[in-house]
Amino acid sequence: MTKARRIPVSELRIGMHIEALGVLWPRHPFARGSFTVTTLGEIAAIKDAGLPHVLVSEGKDLSRPALTPRPRTTPLPPSVPSSATPAPSATALSRLVQEESNDPTSVAAEVFKARRICAEAKETVMSMFEEVRLGRAIDPKTVLPLVQGVADSIQRNPVALISVARLKTHDDYTYLHSVAVCALMIGLTRQLGLDERSVLLAGAGGLMHDLGKAAVPLDILNKPGKLTDSEFDLMRRHSVAGSGMLKEAGAPLEVQDVALYHHEKMIGGGYPIGLVGDDIPLWARMGAVCDVYDAITSERPYKHAWNPADAIRNMANWNGHFDPRLFSAFVKSIGIYPVGSLVRLTSNELAVVIEPGSISLLKPQVRVFFSIPSNRIIPDTVIDLAADGCDIRIVGPEDPSQWGFPHLETLWQ
Numbered sequence: 001m002t003k004a005r006r007i008p009v010s011e012l013r014i015g016m017h018i019e020a021l022g023v024l025w026p027r028h029p030f031a032r033g034s035f036t037v038t039t040l041g042e043i044a045a046i047k048d049a050g051l052p053h054v055l056v057s058e059g060k061d062l063s064r065p066a067l068t069p070r071p072r073t074t075p076l077p078p079s080v081p082s083s084a085t086p087a088p089s090a091t092a093l094s095r096l097v098q099e100e101s102n103d104p105t106s107v108a109a110e111v112f113k114a115r116r117i118c119a120e121a122k123e124t125v126m127s128m129f130e131e132v133r134l135g136r137a138i139d140p141k142t143v144l145p146l147v148q149g150v151a152d153s154i155q156r157n158p159v160a161l162i163s164v165a166r167l168k169t170h171d172d173y174t175y176l177h178s179v180a181v182c183a184l185m186i187g188l189t190r191q192l193g194l195d196e197r198s199v200l201l202a203g204a205g206g207l208m209h210d211l212g213k214a215a216v217p218l219d220i221l222n223k224p225g226k227l228t229d230s231e232f233d234l235m236r237r238h239s240v241a242g243s244g245m246l247k248e249a250g251a252p253l254e255v256q257d258v259a260l261y262h263h264e265k266m267i268g269g270g271y272p273i274g275l276v277g278d279d280i281p282l283w284a285r286m287g288a289v290c291d292v293y294d295a296i297t298s299e300r301p302y303k304h305a306w307n308p309a310d311a312i313r314n315m316a317n318w319n320g321h322f323d324p325r326l327f328s329a330f331v332k333s334i335g336i337y338p339v340g341s342l343v344r345l346t347s348n349e350l351a352v353v354i355e356p357g358s359i360s361l362l363k364p365q366v367r368v369f370f371s372i373p374s375n376r377i378i379p380d381t382v383i384d385l386a387a388d389g390c391d392i393r394i395v396g397p398e399d400p401s402q403w404g405f406p407h408l409e410t411l412w413q
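So in full-length UniProt numbering, spot 155 of the sequence shown is number 155, and the numbers just go up one at a time.
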């Protein structure tokens with residue numbers, strides 16, 4: 001029979017097997033109280049939980065030194081990255097909508113399909129969360145057809161599904177946020193020129209990046225106001241909890257990395273470990289950009305959604321938060337003025353962006369609908385700012401709430 005002994009948490013090392021944490025959930029963020037420590041994030045989470053001691057198995061390797069963050073996927077090179085990883089088998093990538101062509105199409109033409117995919121994806125994420133809450137095991141492979149469907153939509157139009165997924169209610173925020181991050185991750189991966197296996201891994205990582213929130217009490221997860229310090233401490237544990245669930249389910253390391261490290265910052269000071277720079281895995285650095293963008297452009301009970309263009313501008317000024325090369329690629333994937341942005345034109349009119357610029361990120365297609373001098377709605381007109389002879393330019397983004405336009409989506413969908 002295996003013996004166990006109590007050790008201070010300060011002596012805990014990767015490779016040790018924890019028999020018991022000594023407290024019940026939610027005092028700790030893990031799916032179960034007995035497990036083998038495999039990441040620094042797990043050790044950090046135990047320390048953050050304020051546990052002075054843990055019970056570990058004797059007879060196992062208790063002298064294994066702490067590991068530095070393990071090598072990850074190929075680092076992002078200065079130029080367009082590439083990957084020699086072989087593509088997955090076709091059987092693993094069954095199409096969500098096999099009968100549909102993936103030829104490029106407009107936002108308007110893709111919106112209907114995007115709504116359907118978002119609805120199905122939301123149900124899948126909700127079901128996965130419910131399985132976790134009931135203590136059942138999840139199978140990460142089941143999301144592959146869904147991720148492929150999202151990838152196909154992004155291939156037909158890179159921004160339609162992303163724009164649809166941004167339109168959330170308070171009740172479905174957690175689930176559609178996962179769908180939106182999935183789509184944003186896929187778009188970013190394609191912009192970086194990575195292969196299709198990487199596209200699917202990134203999409204799966206985005207879809208399941210917040211799985212650990214299924215272990216957060218619903219009254220905290222859905223709280224309409226600001227969290228208390230103790231509530232925020234519980235919320236912060238979702239990254240470790242989610243990565244633990246994914247590891248237990250046999251998810252690829254890249255998918256686990258997105259869940260565990262998407263709240264780390266390039267300059268340090270993030271959680272759960274406080275990694276710096278390239279010590280943060282590539283997939284998690286991508287996830288950080290996509291997660292924050294969707295969060296700040298979504299309507300929440302305690303804050304208004306930011307105009308997408310304002311979000312891009314503000315994120316660009318958060319020095320040290322994001323990998324600058326990844327952020328630059330992200331902006332190229334969705335545009336400086338993403339679809340749905342309210343903008344002021346040099347013609348002294350307001351317009352909403354309906355298509356990214358095909359020639360210049362500064363010259364998207366817009367639908368003009370409001371005259372500023374006369375302060376009234378005018379018959380809407382579509383203008384391609386990149387068209388020959390067009391001398392109208394964007395002055396800058398505007399706040400829809402200050403103009404009293406709560407439902408701009410009716411102008412671009």
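Cβ coordinates follow ideal geometry from the N, Cα and C atoms, glycine included. Bear in mind the structure is a predicted one, so any value in this text is a computation, not a measurement.
Between residue i and residue j, is the Cβ-Cβ spacing less than 8 Å?
i	j	result
TYR293	ALA311	yes
VAL150	ALA119	no
ARG236	TYR271	yes
LYS363	GLN191	no
GLY277	MET266	yes
ALA309	VAL352	no
GLY205	VAL132	no
VAL125	LEU207	yes
ASP210	SER178	yes
GLN148	LEU200	yes
ILE138	ALA249	yes
VAL339	GLU349	no
PRO400	ASN307	yes
residue 422	ILE18	Coverage of the chain is limited to positions 1 through 413, which leaves residue 422 absent and any answer about it impossible.
Starting from the Cα of residue i, find the closest Cα among the options and give me that residue.
i	options	result
LYS168	ALA295, ALA20 and PHE369	ALA295
ALA4	PHE35, VAL56, GLY50 and GLU42	VAL56
PRO52	GLY135, VAL37 and VAL9	VAL9
ALA180	ILE14, GLN402, SER153 and TRP318	SER153
ALA305	ARG367, GLU398, LEU260 and LEU361	GLU398
PRO140	PHE232, LYS247 and PHE35	LYS247
GLY187	VAL382, PHE405, GLN365 and GLY203	GLY203
TYR302	SER127, THR36 and LYS226	LYS226
ALA44	TRP318, ASP279, ASP233 and ILE273	ILE273
ARG116	LEU361, VAL366, LEU161 and THR381	LEU161
ALA114	ALA183, SER328 and ILE383	ALA183
residue 415	LEU234, GLY389 and MET128	Nothing about residue 415 can be read from this structure; the chain reaches only from 1 to 413.
PHE327	MET185, ILE46 and ASP233	MET185
SER347	ARG367, LEU134 and GLN402	ARG367
I need the DSSP call for residue i, collapsed to helix, strand or coil.
i	result
GLU248	helix
GLU123	helix
LEU184	helix
ILE14	coil
GLY135	coil
SER371	strand
HIS170	coil
VAL147	helix
ARG393	coil
VAL37	coil
SER360	coil
ASP152	helix
LEU161	helix
Roughly how many angstroms separate the alpha carbons of residue i and residue j, rounded to a whole number?
i	j	result
PRO224	TYR175	16 Å
ARG325	ILE7	43 Å
ASP103	VAL159	14 Å
ASP291	HIS262	8 Å
ILE359	ALA251	39 Å
ARG376	PHE369	9 Å
VAL395	GLY242	43 Å
MET245	PRO379	53 Å
GLY320	GLY268	8 Å
THR105	ASN157	6 Å
VAL111	GLY357	18 Å
SER163	GLU254	26 Å
LEU345	ILE392	7 Å
SER239	LEU275	14 Å
GLU299	SER341	14 Å
ALA20	VAL216	21 Å
LEU221	LYS213	7 Å
VAL107	ILE383	15 Å
MET16	ALA316	41 Å
LEU146	SER198	15 Å
ASP195	THR189	8 Å
GLU264	SER371	44 Å
TYR173	GLY389	43 Å
PHE330	VAL54	42 Å
Would you mind listing the alpha helix (DSSP H) stretches within the stretch 294-341 that are 4+ residues and don't spill past its ends, in chain order?
-> If we require 4 residues or more, the alpha helix (DSSP H) runs fully inside the stretch 294-341 come out as 308-316 and 324-334.
Segments assigned alpha helix (DSSP H), at least 4 residues, entirely inside the stretch 207-284 | Runs of the alpha helix (DSSP H) inside the stretch 207-284: 218-221, 229-236, 238-248 and 253-261.
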